[in-house]
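Read the structure below first, then the notes.
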Amino acid sequence: MLSFAIYEILAIAGRGAQTNALHLIELMEPTPQTSEPYAIKTDELTRKFGEMIAVDALNLRISSGKIFGLLGPNGAGKSTTIKMLTTLLEPTSGSATVAGFDIVRAPSQVRRHIGYVPQLLSADGGLTGFENLMLSAKLYGMPRTERKGRIAEALDFMGLTESGKRLVKTYSGGMIRRLELAQAMLHRPTVMFLDEPTIGLDPVARHAVWDRLEDLQQESQMTVLITTHDMDEADELCDELAILHQGKVAAVGEPDALKASVGPDATLDDVFAHFSGGSIQEGGSYRDVRQARRTASRLG
Amino acid sequence: MTSARLDAQPAAWAESSALVGLFTQTAAIAEVELKKVLRDPTELLTRAVQPVLWLVVFGQVFSRVRGIPTGNVSYLAFMTPGILAQSVLFAAIFYGIAIIWERDLGIVHKLLVSPANRASFVLGKAISAGFRGSIQTVIIYLIALALGIGMRWNPLNIAGVFFGVALGSAIFATFSLIIACIVKSRERFMGIGQLMTMPLFFANNAIYPLSLMPGWLRAIALINPLTYLVDALRGLMIQGGESIHSLPADFGVMAVIFIILATIASRLYPTLVR
């Protein structure tokens, strides 16, 4: 029993040393300059899965304080791009910085400065809204004294004060999304990633999510990157758009400028068709479709 | 441009030491797991049925056979620690299914995007598995009491049993987590889980002593962590029971196995979302 205790301590100490070493490496990284104009910058960012090139030499420059949309059909490389920028997936080649930190060399600095709302409704249904937020507060190293106040503030901001004590499995899809926004804003990220934020939600719930997101962006001045294949969402939310097609940027610009470049009275659908030679409604791998269906069925 | 009403993240958050962070994060993961188990204890209760059947049905019959040399303890007493260890194995070995479920829901993605130490996700789950094992221990003690099996009621022994069971649960849950990280789908996991359970279940000293086994089987039993758990429990739990390998050896082997498995699992956990 004693021997176990010793092993345990050694193991934890070993891990601590390892983490400290990681911190040291990151401390040697140049601190991000406040004058860095880009919240997200990718240089020839590439990800392959075997022979398949999911993201192909992506060069993106996303300015601070903007809502930027990555637009494309299922399978265009949006989710892979987000996975790389949020440090879930290492690029095959190329590089990227998020909030001034390199995604490969300083992943834990990147993680400290970003918020993330995954495509699936990922709040834990077996916990209350408050407990979901408390878990995040602890994982992000929020001091004990600040946790409750910040959680209350985030719940209030998302209009969930009343339902904070209820189990999340009793929430509607729109409420879960707003809870996830609350969870992602809790540690005041400078860059927020949202993967298909309103997929499967009804129109009222979608507008509520958009409103809360726009307010949050206004109040915090953070940069928001959303992926979507929904033209209304892109039109409503985004200051700037990139159209992704087969892992490459087919076009980038402000929504109105993109429309004007295609022709008078053009819609974003037309823009998309023009730059990718097809409708956004087509395409999509089996896996994406299955995943979207699963999300939809969870929302009932 | 409106001025930011929401204040920025204070830099001081990142300052707490890595060790304190690991403890806080591990405790946070374990805490939510415990809350979920306690809110829906169906699984715990159904798992309790299995050891009852083993002791009350299998044990009652086999204790009449008297064909298995168990030294100076009755067969029923001999197998009691074995059945506890096996129910721990059965409960923990399918733990990976829950991880795959959490992956499919996107919960794993969200955890991995946080700056928390990756080891805390694994250790938190291991602690929660240990807690589940403790509940099973309570049930085994109750059955043993009802059947009149001679147990050691010394608080230190009981504490040792709980600790051993928690460590054993942590080992099998972490092993299960590793398998889950490799196969990544529930269907494949169920197949592999069934495949692994049988050799782990029979190639050990839970229901017959090592001395009865042919050499090759004993060799397998000696690399089976369950063997060391059973051996430790037998020494701690029942009157007249002896630990063949000695308690420090049993706990030492289990601790080393756990550390190795936890290290591997912490490395593999991030690959769940790729």
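If you read the sequences in order, they're chains A and B. Mind the numbering: the first sequence is residues 8 to 307 in the working numbering, read in order. Mind the numbering: the second sequence is residues 3 to 276 in the working numbering, read in order. Backbone N, C-alpha and C define an ideal beta-carbon position, used for all residues, glycine too. Bear in mind the structure is a predicted one, so any value in this text is a computation, not a measurement.
Can residue 230 of chain B and residue 256 of chain B be called in contact, C-beta distance under 8 Å?
As a first step, residue 230 of chain B is located in the second sequence; it is residue number 228 there, counting from the start. As a first step, residue 256 of chain B is located in the second sequence; it is residue number 254 there, counting from the start. Contact: yes.
So, is residue 156 of chain B buried or exposed, given that buried needs 16 or more other C-beta atoms within 10 angstroms?
Working through the second sequence from its first residue, we reach residue 156 of chain B at position 154. Per the 10 Å Cβ criterion, exposed.
Given a cut-off of 8 Å on the beta-carbon distance, is the pair residue 233 of chain A and residue 76 of chain A in contact?
Locating residue 233 of chain A in the first sequence gives position 226, counting from the first residue. Locating residue 76 of chain A in the first sequence gives position 69, counting from the first residue. For residue 233 of chain A and residue 76 of chain A, yes; Cβs fall inside 8 Å.
Which whole-angstrom value describes the C-beta separation of residue 133 of chain B and residue 36 of chain B, a residue pair presumed to lie in contact below a C-beta threshold of 8 Å?
In the second sequence, the residue the question calls residue 133 of chain B occupies position 131. In the second sequence, the residue the question calls residue 36 of chain B occupies position 34. Correct: roughly 6 Å between the Cβ atoms.
If the cut-off is 9 Å on Cβ atoms, which residues from the region 69 to 93 of chain B count as contacting chain A, listed in chain order?
Here the close residues number zero.
Out of B/54, B/25, B/265 and B/272, state which residue places its alpha-carbon closest to the alpha-carbon of residue 148 of chain B.
Here residue 148 of chain B refers to the residue found at position 146 when the second sequence is read from its first residue. The option with the nearest alpha carbon to residue 148 of chain B is B/54.
Does the beta carbon of residue 180 of chain A come closer than 8 Å to any beta carbon on chain B?
Mapped onto the first sequence, residue 180 of chain A falls at position 173. With 8 Å as the cut-off, residue 180 of chain A does not count as an interface residue toward chain B.
Does the beta carbon of residue 34 of chain B sit closer than 8 Å to a beta carbon anywhere in chain A?
Stepping through the second sequence from its first residue, residue 34 of chain B is reached at position 32. Interface residue, yes.
Going by DSSP, what residue range makes up the beta strand (DSSP E) through residue 233 of chain A?
As a working note, residue 233 of chain A is residue 226 in the first sequence. That run of the beta strand (DSSP E) goes 230 to 235.
Of the choices B/71, B/61, B/72 and B/99, whose alpha-carbon is the least far from that of residue 183 of chain B?
Along the second sequence, read from residue 1 onward, the residue named residue 183 of chain B stands at position 181. Cα-wise, what sits closest to residue 183 of chain B is B/99.
Beta-carbon of residue 23 of chain B versus every beta-carbon of chain A: anything under 8 Å?
Start at 1 with the first residue of the second sequence, and residue 23 of chain B comes out as number 21. Yes, its Cβ sits closer than 8 Å to a Cβ of chain A.
Is residue 126 of chain A close to chain B, meaning its C-beta is less than 8 Å from at least one C-beta of that chain?
Along the first sequence, read from residue 1 onward, the residue named residue 126 of chain A stands at position 119. At least one chain B Cβ lies under 8 Å of residue 126 of chain A.
At a CB distance below 8 Å, what residues from the region 124 to 152 of chain B approach chain A? Give them in sequence order.
Those residues of the region 124 to 152 of chain B that come within reach of chain A (Cβ to Cβ, closer than 8 Å) do not exist; the list is empty.
Suppose you measure from the CA of residue 138 of chain B to the CA of residue 71 of chain A; what does that come to, to the nearest Å?
Translated into positions along the second sequence, residue 138 of chain B becomes position 136. Translated into positions along the first sequence, residue 71 of chain A becomes position 64. Cα to Cα, the separation comes out at about 54 Å.
Classify residue 2 of chain B: buried if its beta carbon has 16 or more other beta carbons within 10 angstroms, exposed otherwise.
Shown here, chain B extends from 3 to 276; a query on residue 2 of chain B therefore has no answer.
So that I know if they touch, is there some Cβ in chain B lying closer than 8 Å to that of residue 142 of chain A?
Taking the first residue of the first sequence as 1, we reach residue 142 of chain A at position 135. Interface residue, yes.
Within 8 Å (strictly less), CB to CB, does residue 6 of chain B reach chain A?
Taking the first residue of the second sequence as position 1, residue 6 of chain B is located at position 4. Bear in mind that the predicted position of residue 6 of chain B carries a pLDDT of just 46, short of 50, making it unreliable; the figure below should be weighed with that in mind. Chain A contact via Cβ: present.
Answer yes or no: does any C-beta atom of chain B fall closer than 8 Å to that of residue 133 of chain A?
Position 126 of the first sequence, counted from the start, is the residue given in the question as residue 133 of chain A. It does; some Cβ of chain B falls within 8 Å.
Given a threshold of 16 other Cβ atoms within 10 Å of its Cβ, counted over all protein chains shown, does residue 275 of chain B qualify as buried or as exposed?
To locate residue 275 of chain B, count along the second sequence from 1; it is residue 273. Looking at its Cβ environment, which holds 16 or more other Cβ atoms inside 10 Å, residue 275 of chain B is buried.
What residue range does the alpha helix (DSSP H) around residue 51 of chain A cover?
Locating residue 51 of chain A in the first sequence gives position 44, where the first residue counts as 1. Segment 45 to 56 is the beta strand (DSSP E) holding residue 51 of chain A; no alpha helix (DSSP H) there.
Looking at residue 95 of chain B and residue 200 of chain B, is the spacing between their C-beta atoms short of 8 Å?
Position 198 of the second sequence holds residue 200 of chain B. Position 93 of the second sequence holds residue 95 of chain B. No. Outside cutoff.
Hey, quick one: how far does the beta strand (DSSP E) through residue 102 of chain A stretch, first residue to last?
If you number the first sequence from 1, residue 102 of chain A lands on position 95. It spans 100 to 105 - the beta strand (DSSP E) in which residue 102 of chain A sits, taken as one unbroken run.
Excluding sequence positions up to five away, which residues of its chain have a Cβ less than 6 Å from the Cβ of residue 207 of chain B?
Along the second sequence, one-based indexing puts residue 207 of chain B at 205. These residues qualify, in order along the chain: 229 and 232.
Name the DSSP beta bridge partners of residue 68 of chain A, please?
Here residue 68 of chain A is taken as the residue at index 61 of the first sequence, counted from 1. BP columns for residue 68 of chain A point to A/48.
Secondary structure at residue 72 of chain B, three-state DSSP: helix, strand or coil?
Residue numbering aside, residue 72 of chain B sits at position 70 when the second sequence is read from its first letter. In the structure shown, residue 72 of chain B sits in coil (DSSP, three-state: anything other than H, G, I, E or B).
Verify the CB distance criterion: does residue 186 of chain B have a CB-CB separation below 8 Å to chain A?
Numbered from 1 along the second sequence, position 184 holds the residue referred to as residue 186 of chain B. For residue 186 of chain B, the answer is no, since every Cβ of chain A falls outside 8 Å of its Cβ.
Can you find a heavy atom of the ligand NAP that lies under 7 Å from the Cβ of residue 170 of chain B?
With respect to the ligand NAP, the structure offers nothing, as it holds no ligand at all.
Along the region 212 to 241 of chain A, where does the CB come closer than 7 Å to a CB of chain B? Name the residues.
Under the 7 Å Cβ criterion, the region 212 to 241 of chain A contributes 225, 226, 227 and 228.
Do you know how far the Cα of residue 160 of chain A is from the Cα of residue 31 of chain B?
Counting from 1 along the second sequence, the entry for residue 31 of chain B is found at position 29. Counting from 1 along the first sequence, the entry for residue 160 of chain A is found at position 153. Cα to Cα, residue 31 of chain B sits roughly 23 Å from residue 160 of chain A.
Quick one: measure Cβ to Cβ for residue 183 of chain A and residue 130 of chain A, integer angstroms, because I've assumed they're closer than 8 Å.
Within the first sequence, numbered from 1, the residue matching residue 183 of chain A stands at position 176. Within the first sequence, numbered from 1, the residue matching residue 130 of chain A stands at position 123. Going by Cβ atoms, the distance from residue 183 of chain A to residue 130 of chain A rounds to 5 Å, so yes, they are a contact pair.
Who are the Cβ neighbours of residue 95 of chain A in its own chain at under 6 Å, not counting the five residues just before and after it?
Your numbering for residue 95 of chain A matches position 88 in the first sequence. Within the same chain, residue 95 of chain A has no close Cβ partners at all.
In the DSSP assignment, find the unbroken beta strand (DSSP E) run with residue 202 of chain A in it and report its ends.
Along the first sequence, read from residue 1 onward, the residue named residue 202 of chain A stands at position 195. That run of the beta strand (DSSP E) goes 198 to 202.
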